[in-house]
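Below is one structure, written out as C-alpha cells; comments come after it.
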C-alpha cells in the first residue's frame, strides 16, 4: 500500500450545491499541487449534511448528480472520493442511496452505498435511503480498498454492547482482503465524541490489522456542529495524521513516508465545547445570511457568556448588547452588564422597561381586576424584552441570539416569546453548571466576564429579591438529575436510587415533562451534549406518561 | 369462517397506560355483553399512537407489558387482539417490536410484529422498531387468521406505482391460506385519506378474495388527528360494517349473519375536515389538561373561523375572545368581531393597544432615530397582542389558540411571538381558500360568522389601508402554487409549466424557503392535508438550495 492520500476536510453549506462544488474544486487544486494519488471528501460533501427533506426534491437530487458529473469530467488525473446521493435504481425500496463515489480519469469508477443507516437521536437516514444488499471492495492503483460511510464503521461486535444492525460492512470488506479502510463521515460533535470516535476506530484498525483513513465534515448546520478532526491510523492503530478540529483542513497521509513516531490524540473537554460553540455561532450567522447579532444583557451569567462567545465568534463590531432594566433589576446587574459590554468593547443600548410594564398593567387592569400578581407579571416583563429585542432585530437586520441554558429550558424556567425569543439559542444545551465552568475557563486569562457575575446568586430579577433557588433546586443537584433523565434516559426510581430525594426527583421530572410545549417553540439550539432538546429528542406534548 | 367480531375503535391518550387499560377493559365488557368471539383494538392501543421517544424509556415499555399481562389474565373467555410494544428478543437489531397480540383464555397465544415500518412524512417507526424476518398466520377457533398492522397492508404491488418495501406481508399471509385478514391501525387523517384507505383495502380484499377487518385508532394526539372509520369488507370487497369517523365506536361484524346489501362508503371533504378539526381541538385541550381556551378576534376570517370551531368543539362557555383594536383597525373589523362573539354567545374582552404601541415607540425612539417606519412597527403591534393574550392565558389558565392559516405560514406573512403565539395552531394546515370554503360551509345553515367577514378583502390591519393582496398574490393563485410546491413537492420549473408567471413562482417559493425559521418556532398545528408544516416536513433553516 503505497498511496499518497489527501484528507479534504471541508465545510459545505447544506443545499449550496454550486458553492460546495467550487469548494471541492479548490481543494482538488490544492491536492493536485501536493501530488496526491487520492483525495477524500466527507459524506454527502456535494450537498452538505444533514440535507433533511431537501432530499425529497427531484431537482435537488438532479443538481447533486450534475455536480458529480462536472467533477468527474473536470478532475485532474487523481482519485477523488466524494459523498453524494444516487437514485436507487431498484424497485421496490427507498428512493435514494447515500453514496461514496470514486472518480478517476474522467469516470465514476466505483460507488459504495451506505449500508448502516442511523435512525436515532438527530439522525433520520431510513427516511430517505435504502441499505444495499452487498458491500464490495474496489481497486485503486492496484490497492484493494474498502470504502465505508460514517455509521458503517460504528457496529463492531466487540466494541458495542448493544448493536442495532445485523450487518457489519467493515467485516465484509476485510473478508475481501482489503489493504486500507476509508471512512467518509458527517459525524456531529458532542461532549467526549472525539475521543469515543478515535478509540472506536483505533479498535477497528487493530482488530483487523488495517490502516484506516477517516474524513469527517466540519462546520455548523443549524443545531449540529461537525467537528472535523479527520485522522489516519496505521495498521497497528497508531495515529499517523490528524486534521484540525472545528475548521477546514487539508492533510496528507503518505504511506510511502509515514511519520516515525505516533501522533498524540488529545481532547480537552472545555476547549472542545468552546470551539464547537464558536463554530456553531459563526456558521449559523453566515449560512443564514446575517452579519451582525444582538442580544439582551441582564448582567447574569447566561447572557454574559453568550455575549462573550458571540464576540469571539463574530468580532466585537458585529455584536450589539441591549440592557433592558426593570424596577426589579438590581443596580449591580446593570453595572455588571455595562462592565461586560465595556470589557468586550461592543456597542450597547439601554432601554428601560418600567414604562412599558406600567402600560401593560394599565391595559390589563380591568381584565385582571381582583386577581393578585403572579408569574403572569414576570412573563410580561420577559415578553416586553423579547418584543424590544425583536424590534431592534427587525429594524437593524441583526440576528437575535437567545441566551437560555439547558437547565432552565428543561425546567421551563423561561418565558415563551420572552427570553426564549431569538433565531439561535447559543447555550441551550449547556446545563447551568457547565455554563459556569465554561465562563470560568474563558475568564482564565482575562476577566472578560465581570467576576461578580460569576459569584453572585443567579436570579431572573422579575420580582423583588427573586433568586433562582427559590424556584429550583441548587444547580449542582438539578444538573445531575437532568443528566440522568435526559442524557442517560433513566427513570424516576433509578434516579432516586442514585441518592436523590424522592420528592425532589419527582418534581423535577414532572416539570421537565410538563414543559415540552415550551421547548417545541424554542429556536434551534447548538447541540454539545449527547442528548440535546430539539430534533434529537422527540416527545409528545399531550401525553400522560410520567418518568 | 363463522366468527362474531367486535371492532373496538378507541381513543387512547399517548402514555396514559393506566387510563388506556381502563378504557380497553370497558370495551371488553361491552364486547362480552354482545357475545362476540373476538374483539379487536387499534395499533399500539395500550400506549396510544404516536408514542415517539417515550418508547426509549425502559419503564414505559415495562408498564405497557404489565398492562398486557393484566389484560391477558383478566380478560373473559373471548379473543382480544391488541396493539402493544414488545422488546426485541434478538440481537443485533432495533430494540423494540410494534406488536399485535392475540389474548385468549388467560394467555398471549400469538404475536404478530409489524413488518413494514413507515419512516416518511410524520412517521418515524424505523427509529424504534425492528422489522421481523417472517410473517405467520394464526389459528383462532379453527379459523386461519392473518393479523397485520397498519403499513403492512399498504404495499400491494398492483395498487402502488412506487413501493418502498420489498416485503408484502399480506401476500405472505395469503400464501398461508388465511380465511380472514385483520389490520389494526393508527392511520392519521388527511384530506381524502378515508376514501384512499377504503379503496386500497377494498382492492386487497378483492384481489385475494378474502374478508378484511380494519380497526383504526380515533382521536387527536398533538398535530395528528386519527379519524377512526374502522370497517369490514367481505371477500368480494363489499362494505359489511363501518364505525363512526372522528369518535369512539364499537361495531359488530358477525360472519354468521352478514347484512343483505352492501353499506355505502361516503366521504364528504368539508364535513371530514370540519370534524377532524373539532376532534383535534377537543383532544388537544383535554389531553393537555386544559378546560378553556382564549383567542384574539380581529374581525377577520381566520380568527372568526377558529373561534367558531373552538365553540363547536368545546362549548361557548369555554371560549373567550379578545378584541385588541389598534389605530389601524377599521370600525367594521371591530364591529364584525363583536358580532361574531355575540352570534356565538361567548365571553369577550376589549383591550385597545394604542397606548402600548405609543409606549413602545417612545421606548425605541432613540434607538430608531433617523430610521423610517417599516415592518418593525407592524410586528410590534402583533407582539403586543401576543403578549396580552399570553398574559390572559397565564392569569386565567386558558389555552391560547393561534389563528394563522397555511398560506400565511408558508409565506411568512405572520409575526413570530405575535399572531403566531399560542399552544395550538388550529387552522395552520388550511390554505386561505380552504378557510373560506370551510367558513362558508359552516355558515350554510346559520350566519355564525358575519357575512361581511366572508366578503371583505383580507387585511392584517397593521398599517393604514393595508390589504393582504398588497404583499401577496391573490389567494386563489397563491394556494395553487403552494399546493404544487408543498403537497406535491414540485420544483419551480414544473410549477411554471403549469401556467403561472415565472417571477411570481420564484418569489413565492423563495419566501416559503426563507421563512422556515418562523415555522420552526410555530406551535403544533392540526394536520388536515397530505403535507403539513411541522413534524412531517423537515427542512434545514441555514441552507441554500432554492426550489
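Residue numbers (my numbering), protein chains in the order written: chain G, 37 to 583; chain U, 37 to 583.
No residue lacks a Cβ here, since even glycine has one placed at the ideal position from N, Cα and C.
Span separating the alpha-carbon of residue i from that of residue j
{"i": "residue 553 (chain G)", "j": "residue 462 (chain U)", "result": "15 Å"}
{"i": "residue 124 (chain U)", "j": "residue 227 (chain G)", "result": "30 Å"}
{"i": "residue 261 (chain G)", "j": "residue 562 (chain G)", "result": "7 Å"}
{"i": "residue 481 (chain U)", "j": "residue 475 (chain U)", "result": "11 Å"}
{"i": "residue 416 (chain U)", "j": "residue 327 (chain G)", "result": "23 Å"}
{"i": "residue 72 (chain G)", "j": "residue 138 (chain G)", "result": "15 Å"}
{"i": "residue 441 (chain G)", "j": "residue 221 (chain G)", "result": "29 Å"}
{"i": "residue 331 (chain U)", "j": "residue 232 (chain U)", "result": "35 Å"}
{"i": "residue 396 (chain U)", "j": "residue 487 (chain G)", "result": "34 Å"}
{"i": "residue 119 (chain G)", "j": "residue 410 (chain G)", "result": "55 Å"}
{"i": "residue 549 (chain U)", "j": "residue 166 (chain G)", "result": "27 Å"}
{"i": "residue 210 (chain U)", "j": "residue 180 (chain U)", "result": "10 Å"}
{"i": "residue 371 (chain U)", "j": "residue 97 (chain G)", "result": "52 Å"}
{"i": "residue 290 (chain U)", "j": "residue 39 (chain U)", "result": "6 Å"}
{"i": "residue 170 (chain G)", "j": "residue 257 (chain G)", "result": "31 Å"}
{"i": "residue 364 (chain G)", "j": "residue 489 (chain U)", "result": "44 Å"}
{"i": "residue 450 (chain U)", "j": "residue 551 (chain U)", "result": "10 Å"}
{"i": "residue 128 (chain G)", "j": "residue 287 (chain G)", "result": "41 Å"}
{"i": "residue 318 (chain U)", "j": "residue 349 (chain U)", "result": "6 Å"}
{"i": "residue 116 (chain G)", "j": "residue 168 (chain U)", "result": "39 Å"}
{"i": "residue 378 (chain G)", "j": "residue 431 (chain G)", "result": "24 Å"}
{"i": "residue 44 (chain G)", "j": "residue 126 (chain U)", "result": "40 Å"}
{"i": "residue 388 (chain U)", "j": "residue 359 (chain U)", "result": "8 Å"}
Residue i and residue j closer than 8 Å at C-beta
{"i": "residue 89 (chain G)", "j": "residue 447 (chain U)", "result": "no"}
{"i": "residue 458 (chain G)", "j": "residue 443 (chain G)", "result": "no"}
{"i": "residue 74 (chain U)", "j": "residue 41 (chain U)", "result": "yes"}
{"i": "residue 445 (chain U)", "j": "residue 436 (chain U)", "result": "no"}
{"i": "residue 214 (chain U)", "j": "residue 274 (chain U)", "result": "no"}
{"i": "residue 586 (chain U)", "j": "residue 522 (chain U)", "result": "Not covered by the structure: residue 586 (chain U). The range shown for chain U is 37 to 583."}
{"i": "residue 239 (chain G)", "j": "residue 192 (chain G)", "result": "yes"}
{"i": "residue 112 (chain U)", "j": "residue 158 (chain U)", "result": "no"}
{"i": "residue 390 (chain G)", "j": "residue 368 (chain G)", "result": "no"}
{"i": "residue 509 (chain G)", "j": "residue 544 (chain G)", "result": "yes"}
{"i": "residue 307 (chain U)", "j": "residue 400 (chain G)", "result": "no"}
{"i": "residue 132 (chain U)", "j": "residue 164 (chain U)", "result": "yes"}
{"i": "residue 135 (chain U)", "j": "residue 145 (chain U)", "result": "no"}
Supposed contact pair residue j and residue i - C-beta distance, whole angstroms, cut 8 Å
{"i": "residue 312 (chain U)", "j": "residue 50 (chain U)", "result": "About 18 Å; that fails the 8 Å criterion."}
{"i": "residue 320 (chain U)", "j": "residue 460 (chain U)", "result": "5 Å"}
{"i": "residue 383 (chain U)", "j": "residue 356 (chain U)", "result": "5 Å"}
{"i": "residue 184 (chain U)", "j": "residue 141 (chain U)", "result": "Not a contact, Cβ separation roughly 23 Å."}
{"i": "residue 468 (chain G)", "j": "residue 515 (chain G)", "result": "6 Å"}
{"i": "residue 143 (chain U)", "j": "residue 108 (chain U)", "result": "6 Å"}
{"i": "residue 154 (chain G)", "j": "residue 556 (chain U)", "result": "Incorrect: roughly 22 Å between the Cβ atoms, too far for contact."}
{"i": "residue 152 (chain U)", "j": "residue 188 (chain U)", "result": "5 Å"}
Secondary structure of residue i, DSSP reduced to three states
{"i": "residue 161 (chain G)", "result": "helix"}
{"i": "residue 371 (chain G)", "result": "helix"}
{"i": "residue 255 (chain U)", "result": "strand"}
{"i": "residue 575 (chain G)", "result": "coil"}
{"i": "residue 227 (chain G)", "result": "coil"}
{"i": "residue 208 (chain G)", "result": "helix"}
{"i": "residue 43 (chain U)", "result": "strand"}
{"i": "residue 343 (chain G)", "result": "helix"}
{"i": "residue 115 (chain G)", "result": "strand"}
{"i": "residue 450 (chain G)", "result": "coil"}
{"i": "residue 263 (chain G)", "result": "strand"}
{"i": "residue 274 (chain G)", "result": "coil"}
- request: Would you check if the region 328-343 of chain G and the region 493-506 of chain G touch, i.e. whether three or more CB-CB distances between them fall below 8 Å?
  value: yes
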